[in-house]
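Engineer: Got a structure for you, written out below as structure tokens; questions coming shortly.
Number of protein chains: 2
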Amino acid sequence: MGKRVIPRDGREAATAEAHGWFVTDAFSFRLIATDGTARRGEISMPRGTVRTPAFMPVGTGGTVKAMYLDQVRALGSDIILGNTYHLMLRPGAERIARLGGLHDFARWPHPILTDSGGFQVMSLAKLRKLDENGVTFRSHIDGSAHVMTPERSIEIQGLLDSDIQMQLDECVALPSSEVEIERAMELSLRWAERCKAAFGEQPGKAMFGIVQGGDNATLRVRSARALRGLGLKGYAVGGLAVGEPQAVMLEMLEATCPELPADRPRYLMGVGTPDDILKSLARGIDMFDCVMPTRAGRHGLAYTRRGKVNLRNARHADDPRPLDEESDCPASRDYSRAYLHHLVRSQEALGAMLLTWNNLAYYQGLMADIRAAIEAGSFAERAALISEGWARGDLPAL
Amino acid sequence: MGKRVIPRDGREAATAEAHGWFVTDAFSFRLIATDGTARRGEISMPRGTVRTPAFMPVGTGGTVKAMYLDQVRALGSDIILGNTYHLMLRPGAERIARLGGLHDFARWPHPILTDSGGFQVMSLAKLRKLDENGVTFRSHIDGSAHVMTPERSIEIQGLLDSDIQMQLDECVALPSSEVEIERAMELSLRWAERCKAAFGEQPGKAMFGIVQGGDNATLRVRSARALRGLGLKGYAVGGLAVGEPQAVMLEMLEATCPELPADRPRYLMGVGTPDDILKSLARGIDMFDCVMPTRAGRHGLAYTRRGKVNLRNARHADDPRPLDEESDCPASRDYSRAYLHHLVRSQEALGAMLLTWNNLAYYQGLMADIRAAIEAGSFAERAALISEGWARGDLPAL
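If you read the protein sequences in the order shown, they are chains A and B. Position in the first sequence (first residue = 1) + 1 = the working numbering. Position in the second sequence (first residue = 1) + 1 = the working numbering.
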């Protein structure tokens, strides 16, 4: 898997050079450093390199809500996530393919990971019916009928031209019975094989399998071992952060991660709070995605090094201080809490724009901080300091 | 009124130098060129210079909706408008004063014009009662009781630290009876005197009077002459674009403008479409404000040199072409109509962000174009070309 420099354009080449990166024609993962079970790595693919541990902002419908993608990039995002369910319904996968793929459509020339669509079919669509073959459902937008099979999911993700594609799986809500969890896990394994066959050989891209097994460590281990046997380019852990306590999630990761090959990236789907991320990557996870920073930003909530701040709260109404005077992000550093409070209370678009910007800046700054700490072998100390900052809480009111 | 250079900061000084501007400690207007009755001028005040004819984006509640003010500035906006009614109710004028004024609050260090609040009291507030003294009303937000007098309007605009303040006036909807129009016009004149007294001497700022008189040229002339007698620093024309045909509006401008002093700026309030602006400045107007570019942007409408384009229309769903491939604005030049259509249909915030950006870019580009044409003595030819572009209409569908 020889690396060579293929600059996509002047700017990309300059970036690659600045970071000491090489652009590759194949999908590959390189472990750069470990610190305990925390890992620092790099995923390389033709559209760019993803520094891990990585946080992937969620670009549901071809847009990271209330952000210009240039801003998302400038915050240090190497990859974003697209939702297959949303995009297949609107504007449609075939349409996006005709328009040159999701990268051109949304103006994001860097790597994109897409989910399989399965999770959102089960949470958003109407009249769902699941069997061995796949899921039939009706769109929550216009009621149109659709069939999602493992093969169709991979086909759609191909039409979107996604760089990292996910197998179709079945994710059960927790708590659930062991029988139900096992049934869904076994079905997901059979679908993993079908997705692998449908994906075939695509050197510059990857299809990840998804470990299921609910809150049952034995089932998780069985799922991970079976997937490992398929020799995939990466492995996700699904079906967590679906209602169980954080301790259960971490226990599942402790059971699962040692069963996954060390030379492949590991992605914990849909997680989570900064604290979830810190504790999960300490257990060997490399990639995360979550709507929290973007969704919270639209609801007046700011993530900061002093924890979560609710800008709707009247305590901010006369506060001239910024969210974080030490941040590099203009949204965090340059606007007063009083102004942010006013924007949130008035339901002004700029409130969502600034708080989403702040939140993604905080998440990406956190990831950069952690990557540096792992490289320096000081992850535990750094993680302790970060957690202490959250625990101390926000600035006292003026 | 001696001009001298008072750089407010490094960036401002560099800008002033680049434009050959001088920053002044007094409010002044300079006529640079005329072309027929169209005027090219400059309003100078301590916070900056406004190139006229000028379009002022509307920043209702301390934010130009769905835009960062840095973007608004970069489009060539020299001044924005703030709405006294909205700001006095939320977050409150006294609060903004404590926080350092509207410029600091919203992070716009350049000139700001505020309306008197009267127009929106009459259109938005509840239980309005108007008499000689002023208007009592209840907030449309929380039902709280307020009294707006000429003196209170000027006081509030002072608390906001507005650079150009407007007299309180009464604006009648058209059609209206002559008796009613005359009564409101005479009341507005008496309020102009009270506002002038309340404003007093403020060398770096201005208080503009407002010509009223509905669609009655005789009353308009009487109003303009009486206001001129007050020796104000600038004059607005109010009560137009309130339901009357464009021809009536232009007729009123033709009657009014010659009555206003040539050495003072003239502001047509709340106008309008690009065509309204083109025809009004041809009649001697220097300043405009309107919610159209920002509001239209939130409703899927784009202003372009080929006229108005409705991005909701299905004809754009598969169109890879940008709104305007020749524009300097990324929103206009870099995003496909298909993507914009998708964002609008999906009610994504980015749709409003990009279309508002496009629209303000179009409006400010139009103003720059017109200013250059007036200076070059080619306004009529340029205006004809611009109008022809609109009349030809949008690109044919693919």
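Think of the CB as a built atom: it goes at the ideal place given N, C-alpha and C, for glycine as much as any other residue.
1. Classify Arg322 (chain B): buried if its beta carbon has 16 or more other beta carbons within 10 angstroms, exposed otherwise.
2. Here's a check: name, in chain order, each residue in its chain whose Cβ is nearer than 7 angstroms to the Cβ of Ser145 (chain B), leaving out the five neighbours to either side.
3. Can you tell me where the beta strand (DSSP E) holding Thr35 (chain B) begins and where it ends?
4. Below 8 angstroms on the Cβ atoms is my contact criterion, and I expect Val173 (chain B) with Gly240 (chain B) to pass it. Report the Cβ-Cβ distance as a whole number of Å.
5. Can you tell me the Cα-Cα spacing of Lys280 (chain A) and Glu202 (chain A), whole angstroms?
6. Short of 7 angstroms in beta carbon distance, which residues of its chain neighbour Trp109 (chain B), apart from the five on each side in sequence? Order them along the chain.
7. Just checking, does the region 98-117 of chain A make contact with the region 379-392 of chain A on the three C-beta pairs under 8 angstroms criterion?
8. Taking all protein chains shown into account, do 16 or more other C-beta atoms lie within 10 angstroms of the C-beta of Lys206 (chain B), making it buried, or fewer, making it exposed?
9. What residue from A:Ala218, A:Gly298, A:Arg31 and A:Ala55 has the CA that sits closest to Ile182 (chain A)'s CA?
10. Beta-carbon within less than 6 angstroms of Val345 (chain A)'s beta-carbon, same chain only, minus the 5 sequence neighbours each way: which residues are those?
11. How should Asp143 (chain B) be labelled, buried or exposed, when 16 other C-beta atoms within 10 angstroms of its C-beta is the threshold for buried?
12. With distances taken between CB atoms, is the gap from Thr295 (chain A) to Ala126 (chain A) smaller than 9 angstroms?
13. Nearest by alpha-carbon distance to Leu396 (chain A): which of A:Ser189, A:Ala263, A:Asn359 and A:His317 is it?
14. Please check the pair Arg221 (chain A) and Met253 (chain A), which I expect to be a contact at CB under 8 angstroms, by giving their CB distance rounded to whole angstroms.
15. So is Gly214 (chain B) buried or exposed if we call it buried at 16+ other beta carbons inside 10 Å?
16. Give every residue of the same chain whose Cβ lies closer than 8 angstroms to the Cβ of Ala362 (chain B), excluding the five residues on either side of it in the sequence, and list them in chain order.
17. Assuming Glu171 (chain A) and Ala185 (chain A) are in contact, meaning their beta carbons sit under 8 angstroms apart, how far apart are those beta carbons, in whole angstroms?
18. Could you give the residue range of the beta strand (DSSP E) that holds Asn311 (chain B)?
19. Whole-angstrom Cβ separation of Gly235 (chain B) and Tyr268 (chain B), contact assumed at under 8 angstroms?
20. In its own chain, which residues sit with a C-beta less than 8 angstroms from the C-beta of Gly244 (chain A), not counting the 5 before and 5 after it?
21. What does Ala107 (chain B) reach in chain A if we use C-beta pairs closer than 8 angstroms?
22. From the DSSP output, in three-state form, read off Asp132 (chain B) for me.
23. Cα separation between Val272 (chain B) and Val212 (chain B)?
24. Check each residue of the region 66-92 of chain B: if its Cβ is closer than 9 angstroms to any Cβ of chain A, include it; give the result in chain order.
25. Ala227 (chain B) and Leu190 (chain B) - do their beta-carbons sit closer together than 9 angstroms?
26. Measure the Cβ-Cβ separation of Phe56 (chain A) and Phe380 (chain A) and say whether it is below 9 angstroms.
27. Are the CB atoms of Met208 (chain B) and Gln166 (chain B) within a distance shorter than 9 angstroms?
28. Helix, strand or coil, according to DSSP, for Cys172 (chain B) in the structure here?
29. From Gly366 (chain B) to Arg41 (chain B), what distance separates their C-alpha atoms?
30. DSSP three-state label for Leu233 (chain A), please.
31. Assuming Gln247 (chain A) is part of the beta strand (DSSP E), what are its boundary residues?
32. Output, in sequence order along the chain, the residues in the region 343-354 of chain A whose CB is closer than 8 angstroms to any CB in chain B.
33. Between the Cα of Arg338 (chain B) and those of B:Cys291, B:Asp264 and B:Leu399, spot the shortest distance and give me the residue it belongs to.
34. Tell me whether Asp10 (chain A) is buried or exposed, calling it buried when 16 or more other Cβ atoms sit within 10 Å of its Cβ.
35. Could you please tell me which residues of the region 154-187 of chain B, in chain order, have their CB closer than 8 angstroms to any CB of chain A?
36. Could you give the first and the last residue of the continuous beta strand (DSSP E) run that contains Ser189 (chain B)?
Structural biologist: Taking the structure as given:
1. Here residue 322 (chain B) corresponds to residue number 321 of the second sequence, with the count starting at 1. Exposed, by the Cβ-count rule.
2. Locating residue 145 (chain B) in the second sequence gives position 144, counting from the first residue. Once the five neighbours on either side are set aside, the close Cβ partners of Ser145 (chain B) are Arg139.
3. As a working note, residue 35 (chain B) is residue 34 in the second sequence. Residues Ser29 to Asp36.
4. Position 172 of the second sequence, counting from 1, holds the residue named residue 173 (chain B). Position 239 of the second sequence, counting from 1, holds the residue named residue 240 (chain B). That pair is a contact at about 6 angstroms.
5. For the purposes of this step, residue 280 (chain A) is identified with residue 279 of the first sequence, where counting begins at 1. For the purposes of this step, residue 202 (chain A) is identified with residue 201 of the first sequence, where counting begins at 1. Straight-line Cα distance between these residues: approximately 35 angstroms.
6. Walking along the second sequence from the start, residue 109 (chain B) turns up at place 108. Take Trp109 (chain B), set aside five residues on each side of it, and the residues of its chain with a beta-carbon closer than 7 angstroms to its own are Leu70 and Ile81, in chain order.
7. The answer is no - the region 379-392 of chain A does not touch the region 98-117 of chain A, with fewer than three Cβ pairs under 8 angstroms.
8. Reading the second sequence from its first residue, position 205 is the one you call residue 206 (chain B). By the neighbour-count rule (16 or more Cβ atoms within 10 Å), Lys206 (chain B) is buried.
9. For the purposes of this step, residue 182 (chain A) is identified with residue 181 of the first sequence, where counting begins at 1. Nearest to Ile182 (chain A) by C-alpha distance, out of A:Ala218, A:Gly298, A:Arg31 and A:Ala55, is A:Ala218.
10. Residue numbering aside, residue 345 (chain A) sits at position 344 when the first sequence is read from its first letter. Same-chain partners within the cutoff: Gly301, Leu312, Arg313 and Gly352.
11. Residue mapping note: residue 143 (chain B) aligns to position 142 of the second sequence, counting from 1. It counts as exposed.
12. In the first sequence, counting from the first residue as 1, residue 295 (chain A) sits at position 294. In the first sequence, counting from the first residue as 1, residue 126 (chain A) sits at position 125. Not in contact: Thr295 (chain A) and Ala126 (chain A) (Cβ atoms no closer than 9 angstroms).
13. Mapped onto the first sequence, residue 396 (chain A) falls at position 395. The shortest C-alpha separation from Leu396 (chain A) is found at A:His317.
14. Locating residue 221 (chain A) in the first sequence gives position 220, where the first residue counts as 1. Locating residue 253 (chain A) in the first sequence gives position 252, where the first residue counts as 1. With a Cβ gap of about 5 angstroms, Arg221 (chain A) and Met253 (chain A) count as contacting.
15. Along the second sequence, one-based indexing puts residue 214 (chain B) at 213. Classification for Gly214 (chain B): buried.
16. Here residue 362 (chain B) corresponds to residue number 361 of the second sequence, with the count starting at 1. Counting only residues of its own chain and dropping the five nearest sequence neighbours on each side, Ala362 (chain B) has a CB closer than 8 angstroms to the CB of Leu76, Ser328, Asp329, Cys330, Ala332 and Ser333.
17. Looking up residue 171 (chain A) in the first sequence gives position 170. Looking up residue 185 (chain A) in the first sequence gives position 184. At roughly 4 angstroms, the Cβ-Cβ gap stays under 8 angstroms, so Glu171 (chain A) and Ala185 (chain A) are in contact.
18. Position 310 of the second sequence, counted from the start, is the residue given in the question as residue 311 (chain B). Where Asn311 (chain B) is concerned, the enclosing beta strand (DSSP E) stretches over Gly308 to Asn311.
19. Here the question's residue 235 (chain B) lines up with position 234 in the second sequence. Here the question's residue 268 (chain B) lines up with position 267 in the second sequence. Right, their Cβ atoms sit about 7 angstroms apart.
20. Within the first sequence, residue 244 (chain A) is the residue found at index 243, counting from 1. Closer than 8 angstroms at Cβ, skipping near neighbours: Ala174, Leu175 and Pro176.
21. Along the second sequence, read from residue 1 onward, the residue named residue 107 (chain B) stands at position 106. Tyr340, listed in chain order.
22. Against the second sequence, residue 132 (chain B) aligns to sequence position 131. Strand, per DSSP.
23. Sequence index remark: in the second sequence, residue 272 (chain B) carries index 271 (1-based). Sequence index remark: in the second sequence, residue 212 (chain B) carries index 211 (1-based). Val272 (chain B) and Val212 (chain B) have their C-alpha atoms some 15 angstroms from each other.
24. Taken in chain order, the members of the region 66-92 of chain B whose beta-carbon sits within less than 9 angstroms of a beta-carbon on chain A are Lys66, Ala67, Met68, Tyr69, Leu70, Asp71, His87, Arg91 and Pro92.
25. For the purposes of this step, residue 190 (chain B) is taken as the residue at position 189 of the second sequence. For the purposes of this step, residue 227 (chain B) is taken as the residue at position 226 of the second sequence. Annotated as proximal: Leu190 (chain B) and Ala227 (chain B), with beta-carbon spacing under 9 angstroms.
26. Position 55 of the first sequence holds residue 56 (chain A). Position 379 of the first sequence holds residue 380 (chain A). Cβ atoms of Phe56 (chain A) and Phe380 (chain A): not closer than 9 angstroms.
27. As a first step, residue 166 (chain B) is located in the second sequence; it is residue number 165 there, counting from the start. As a first step, residue 208 (chain B) is located in the second sequence; it is residue number 207 there, counting from the start. Note that the C-beta distance between Gln166 (chain B) and Met208 (chain B) is below 9 angstroms.
28. Here the question's residue 172 (chain B) lines up with position 171 in the second sequence. Cys172 (chain B) falls in the coil class under three-state DSSP.
29. Translated into the one-based positions of the second sequence, residue 366 (chain B) becomes position 365. Translated into the one-based positions of the second sequence, residue 41 (chain B) becomes position 40. The alpha-carbon separation between Gly366 (chain B) and Arg41 (chain B) amounts to approximately 15 angstroms.
30. As a position in the first sequence, residue 233 (chain A) is number 232, starting the count at 1. Leu233 (chain A): coil per DSSP, three-state reduction.
31. The residue you call residue 247 (chain A) lines up with position 246 of the first sequence. Counting along the chain, Gln247 (chain A) falls outside any beta strand (DSSP E), though it belongs to the alpha helix (DSSP H) covering Gln247 to Thr257.
32. Per Cβ criterion, the list reads His343, Leu344, Arg346, Ser347, Glu349, Ala350, Leu351, Ala353 and Met354.
33. For this step, residue 338 (chain B) is matched to residue 337 along the second sequence. Nearest C-alpha to Arg338 (chain B) among B:Cys291, B:Asp264 and B:Leu399: B:Leu399.
34. The residue you call residue 10 (chain A) lines up with position 9 of the first sequence. Reliability of the predicted coordinates at Asp10 (chain A) is poor, the pLDDT of 43 falling under 50, and no value is obtained from them.
35. Listed by position along the chain: nothing, the set is empty.
36. For the purposes of this step, residue 189 (chain B) is taken as residue 188 along the second sequence, with counting starting at 1. In the DSSP assignment, Ser189 (chain B) falls outside any beta strand (DSSP E) and within the unbroken alpha helix (DSSP H) covering Glu179 to Phe200.
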